[in-house]
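Novice:
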Amino acid sequence: MSAKKVKVRFAPSPTGDLHVGNIRTALFDWAYARHTGGTFLFRIEDTDTTRVTDEYIQAAIDTLKWLGLQWDEGPEVGGPNGPYLQSQRLDIYAEWAQKFLDQKDAYHCYCSPEELEAVREEQRKANVAPGYNGHCRELTADQIAAFKAQGREGVVRMRMPDGTTTFVDEIRGEVTFDHKFVPDFVLVRADGSPLYTLAVAVDDILMGVTHVLRGEDLLSSTPRQIRVYQAMGVPLADYPAFAHLPFVMGQDNAKLSKRNGEVSIAWYREQGYLPEAICNYLALLGWSPGDDRENISMKELTELFTVEKVHSSPARFDMKKLEAINGDKIRALSVEDFAHWTIPFLKKSGVIQGTDAEIALVKQALPLIQERIVKLDEAPQLLKFLFVKEFAIDSDAVSKVNDESAQSILKRAQSELEQLSTWNHESIEAALRTSLIEEMGLKPRIAFTALRIATTGSTISPPLFESMELLGKQACLSRISLALSL
RNA sequence: GGCCCCGUCGUCUAGCGGCCUAGGACUCUGGCUUCUCAAGCCAGCUACGCGGGUUCGAAUCCCGUCGGGGCUACCA
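In my numbering, each residue's number is its place in the first sequence (first place is 1) plus 659.
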């Protein structure tokens, strides 16, 4: 390996929102660039104008930003090899296609889609490798004129010479493809627009990419990229190194689907997953630091990540493990950071408007729930009792406070709390333990459940005494008397 | 069908010929703790796809087989 400075690219084709597989690739690309002190290049492969949309492109950009995968070259930040949207580089591809044509490395093919399909159909029937049969490889000027007279527009097709292509995949080792199974492929559509096969190879070379880390679905297209390098006259030493990352699959068997995880990153955001948790979890899919470490920060990832440690076998996406890591990351947050992440969820759910007084109370309450939630979207439910204007006990909990024993507990608690001069969780707990547990001889679970429901409205809440302290004496007493009136 | 890639607990993985009666994590089960829910702590369940080799010795090397996946587009 040369001492050339590493340049890694992430080059998605935004035909939809980026899913976890894409993001894992982006993460590895980024981590490798950072690990080697190289450049992380972000390129948009939007040559398929029928499937890529501006919205998806913008979403991809936003997603990388949200995850903290900052790129050194690419959309918005620019760079010496721009533009970084392939749709803005059409003239470059056209030039190279013409050069390949002039060199006879490529040729015009006038076969219609129907004709090609018919050929493939026959090949399948004959149990022969399907693929272009070279029909238009050696057309004469007359034949070309005849096709044009029919109104046919040709595509530009790359000539695959006999032989084999062997390359070293940094993850899988040496891989060889016989050209018998790599048919002449199309570089330019009949309408003159370039295809991935052309654009990806040209751009990787022109942009000085040294390492291509991408999904293993592209493994078998590598010989075609190499063929383009050859036609471009690129010396072997300047070919990028290839590393094909294993798939991230869904719970059951194959590809990810909406049901098991292939949803836009926006979904994870709305659910309250932290970017760091997503990256940490995804880093562990197809890679491991080699020891038992599983809690890995972004910084540690850049220090530890090497391609040698990437697996060759696919990994299944497991939401449960992601949740566990997210919970760990939430618990590790400082109160300030936890507030920063949580407040938007409280606002969005309408629990708070965002006033200074509300924020101050939220910050006091957050430590009570920090170790109780796995995702940020659970916060509103746990804290809403502190902010509701019109308090009401959950319908499924009412029956647990309107019976005789609960009422007697609440009555006693009410009189004890009314007399309390100092209102904090220590004094509240002391008073209630003395009266309810010691004097009335109640089980803590019984006594405090009644109070929990009366004051927070739910059978599940943050710790009771701390909750009551934050709620305030007035509110507690009025809620208890409300429960007493049931 | 053809070509290519892959194969350790349910899942993610450690393991790169002896340290493996296979370790860790998540999940699950049971217990402890306990004002609910969590968190925390302890314990338990469960794996080298199969069959041949090579070797004193194989999860680790080789072959075959089975299974999974990808590609086979004027998608990427």
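Glycine included, each C-beta is placed from N, C-alpha and C at the ideal position.
Note that the structure is predicted; figures quoted are calculated from it, not measured.
Do the CB positions of Gly949 and Lys980 come within less than 8 Å of each other?
Specialist: The sequence position of residue 949 within the first sequence is 290, counting from 1. The sequence position of residue 980 within the first sequence is 321, counting from 1. Result no, Cβ atoms of Gly949 and Lys980 do not sit closer than 8 Å.
Novice: Where Leu1141 and Gln1133 are concerned, what is the direct C-alpha to C-alpha distance, given to the nearest angstrom?
Specialist: One-based indexing of the first sequence puts residue 1141 at position 482. One-based indexing of the first sequence puts residue 1133 at position 474. Taking the straight line joining both Cα atoms gives about 12 Å.
Novice: Exposed or buried, which one is Leu857 when buried takes at least 16 other CB atoms within 10 Å?
Specialist: Start at 1 with the first residue of the first sequence, and residue 857 comes out as number 198. So Leu857 ends up on the buried side.
Novice: Looking at C-alpha atoms only, which residue of Asp821, Ser771, Ser1144 is the closest neighbour of His794?
Specialist: If you number the first sequence from 1, residue 794 lands on position 135. When only C-alpha atoms are compared, the closest one is Ser771.
Novice: Check the DSSP bridge columns for Cys768 and list the partner residues they point to.
Specialist: Sequence index remark: in the first sequence, residue 768 carries index 109 (1-based). According to DSSP, which records beta bridges pairwise, Cys768 is partnered with Val814.
Novice: Indicate whether Phe1004 and Pro1039 have their beta-carbon atoms separated by less than 8 Å.
Specialist: In the first sequence, counting from the first residue as 1, residue 1004 sits at position 345. In the first sequence, counting from the first residue as 1, residue 1039 sits at position 380. Cβ distance < 8 Å, so Phe1004 and Pro1039 count as in contact.
Novice: Excluding sequence positions up to five away, which residues of its chain have a Cβ less than 8 Å from the Cβ of Leu726?
Specialist: Against the first sequence, residue 726 aligns to sequence position 67. The answer, listed in chain order, is Ile682, Ala685, Leu686, Ile924, Pro934, Ile937, Cys938.
Novice: From which residue to which residue does the alpha helix (DSSP H) around Phe701 run?
Specialist: For this step, residue 701 is matched to residue 42 along the first sequence. Unbroken run through Phe701 is the beta strand (DSSP E), 698-701; no alpha helix (DSSP H).
Novice: I believe Gln1078 touches Ile1139 by the beta-carbon criterion, under 8 Å. Please report the beta-carbon distance rounded to the nearest angstrom.
Specialist: Looking up residue 1078 in the first sequence gives position 419. Looking up residue 1139 in the first sequence gives position 480. Their Cβ separation, rounded to whole angstroms, is 14 Å, which puts Gln1078 and Ile1139 out of contact at 8 Å.
Novice: Considering just the uninterrupted stretch of the alpha helix (DSSP H) at Val845, what are its terminal residues?
Specialist: Within the first sequence, the letter at position 186 stands for residue 845. Val845 -> not in any alpha helix (DSSP H); beta strand (DSSP E) instead, spanning 845-847.
Novice: What runs of the alpha helix (DSSP H), each 4 residues or longer, lie entirely inside the segment 1054-1136?
Specialist: Qualifying alpha helix (DSSP H) stretches, in chain order: 1054-1057, 1063-1078, 1084-1091, 1103-1115, 1123-1130.
Novice: I believe Met819 touches Val841 by the beta-carbon criterion, under 8 Å. Please report the beta-carbon distance rounded to the nearest angstrom.
Specialist: For the purposes of this step, residue 819 is taken as the residue at position 160 of the first sequence. For the purposes of this step, residue 841 is taken as the residue at position 182 of the first sequence. That pair is a contact at about 5 Å.
Novice: Can you give me the C-alpha to C-alpha distance between Trp926 and Thr835, rounded to a whole angstrom?
Specialist: If you number the first sequence from 1, residue 926 lands on position 267. If you number the first sequence from 1, residue 835 lands on position 176. Computed Cα separation, rounded: 40 Å.
Novice: For Ala1056, which residues of its own chain have a beta-carbon under 8 Å away from its beta-carbon, when the five flanking residues on both sides are left out?
Specialist: Locating residue 1056 in the first sequence gives position 397, where the first residue counts as 1. Excluding positions up to five away in sequence, the list reads Ile1112, Gly1116, Ser1117, Thr1118.
Novice: Take every Cβ of the segment 698-714, pair it with every Cβ of the segment 741-754, and state whether three or more of those distances are shorter than 8 Å.
Specialist: Contact holds: three or more Cβ-Cβ distances are below 8 Å.
Novice: Once DSSP output is grouped into helix, strand and coil, what is the label at Pro853?
Specialist: Here residue 853 refers to the residue found at position 194 of the first sequence. Residue state, collapsed to three classes: strand.
Novice: Counting pairs of beta carbons, one from the segment 758-770 and one from the segment 805-816, are three or more of them closer than 8 Å?
Specialist: A contact exists between the segment 758-770 and the segment 805-816.
Novice: Pull up the CB-CB distance for Ile830 and Ser971, whole angstroms please, since I reckon it's below 8 Å.
Specialist: Along the first sequence, one-based indexing puts residue 830 at 171. Along the first sequence, one-based indexing puts residue 971 at 312. Indeed they touch by this definition, with Cβ atoms about 5 Å apart.
Novice: Comparing alpha-carbon positions, which option in Leu1145, Lys807, Ala692, Pro673 lies nearest Gln1066?
Specialist: Numbered from its first residue, the first sequence carries residue 1066 at position 407. The option with the nearest alpha carbon to Gln1066 is Leu1145.
Novice: What separation, rounded to the nearest whole angstrom, lies between the Cα atoms of Val1010 and Leu1042?
Specialist: Stepping through the first sequence from its first residue, residue 1010 is reached at position 351. Stepping through the first sequence from its first residue, residue 1042 is reached at position 383. Using only the alpha carbons, I get a separation of about 8 Å.
Novice: May I have a chain-ordered list of the alpha helix (DSSP H) segments no shorter than 4 residues that lie completely inside the segment 933-974?
Specialist: Entirely contained in the segment 933-974, the alpha helix (DSSP H) runs reaching 4 residues are, in chain order, 934-942, 957-963.
Novice: I need the DSSP call for Arg710, collapsed to helix, strand or coil.
Specialist: Mapped onto the first sequence, residue 710 falls at position 51. Of the three classes helix, strand and coil, the one that applies to Arg710 here is coil, per DSSP.
Novice: Using the three-state DSSP reduction, which class does Leu1005 fall into: helix, strand or coil?
Specialist: Counted from its first residue, the first sequence places residue 1005 at position 346. Three-state DSSP puts Leu1005 in a helix.
Novice: Straight-line CA distance for Ile1032 to Leu728?
Specialist: Looking up residue 1032 in the first sequence gives position 373. Looking up residue 728 in the first sequence gives position 69. Their backbone Cα atoms lie some 26 Å apart in a straight line.
Novice: Going by C-alpha distance, which of Lys1070, Leu1035, Gly733 is nearest Arg668?
Specialist: Along the first sequence, read from residue 1 onward, the residue named residue 668 stands at position 9. Residue Gly733 is the option with its Cα nearest to Arg668.
Novice: Indicate whether Ile1068 and Leu1045 have their beta-carbon atoms separated by less than 8 Å.
Specialist: In the first sequence, the residue the question calls residue 1068 occupies position 409. In the first sequence, the residue the question calls residue 1045 occupies position 386. Contact: no.
Novice: Expressed to the nearest angstrom, what Euclidean distance is found between the alpha-carbon atoms of Thr823 and His838?
Specialist: Walking along the first sequence from the start, residue 823 turns up at place 164. Walking along the first sequence from the start, residue 838 turns up at place 179. Cα to Cα, the separation comes out at about 5 Å.
Novice: In angstroms with no decimal places, state the Cα-to-Cα distance between Ile1002 and Val994.
Specialist: Sequence index remark: in the first sequence, residue 1002 carries index 343 (1-based). Sequence index remark: in the first sequence, residue 994 carries index 335 (1-based). Going from the Cα of Ile1002 to the Cα of Val994 covers about 12 Å.
Novice: Which whole-angstrom value describes the C-beta separation of Leu1129 and Leu1020, a residue pair presumed to lie in contact below a C-beta threshold of 8 Å?
Specialist: Locating residue 1129 in the first sequence gives position 470, where the first residue counts as 1. Locating residue 1020 in the first sequence gives position 361, where the first residue counts as 1. Indeed they touch by this definition, with Cβ atoms about 7 Å apart.
Novice: Could you say which of Leu1101, Glu1085, Asp707 lies nearest to Met1127 if we only look at CA atoms?
Specialist: On the first sequence, position 468 is the one that residue 1127 refers to. Checking every option, the nearest Cα to that of Met1127 belongs to Glu1085.
Novice: How many Å lie between Met957 and Ser1080 at the Cα?
Specialist: For this step, residue 957 is matched to residue 298 along the first sequence. For this step, residue 1080 is matched to residue 421 along the first sequence. If I take the Cα positions, the gap works out to 50 Å.
Novice: Determine the DSSP secondary structure at Met908, reduced to helix, strand or coil.
Specialist: Position 249 of the first sequence, counted from the start, is the residue given in the question as residue 908. Correct three-state label for Met908: strand.
Novice: When you compare only the Cα positions, how much space is there between Val922 and Asp977?
Specialist: Your numbering for residue 922 matches position 263 in the first sequence. Your numbering for residue 977 matches position 318 in the first sequence. Cα to Cα, Val922 sits roughly 14 Å from Asp977.
Novice: Ile716 to Trp730, Cα distance in whole Å?
Specialist: For this step, residue 716 is matched to residue 57 along the first sequence. For this step, residue 730 is matched to residue 71 along the first sequence. The alpha-carbon atoms of Ile716 and Trp730 are separated by roughly 15 Å.
Novice: According to DSSP, is Lys664 helix, strand or coil?
Specialist: Within the first sequence, residue 664 is the residue found at index 5, counting from 1. Lys664 falls in the coil class under three-state DSSP.
Novice: CB Asp828 to CB Ala902, shorter than 8 Å?
Specialist: What you label residue 828 is simply residue 169 of the first sequence in a count that begins at 1. What you label residue 902 is simply residue 243 of the first sequence in a count that begins at 1. Contact: yes.
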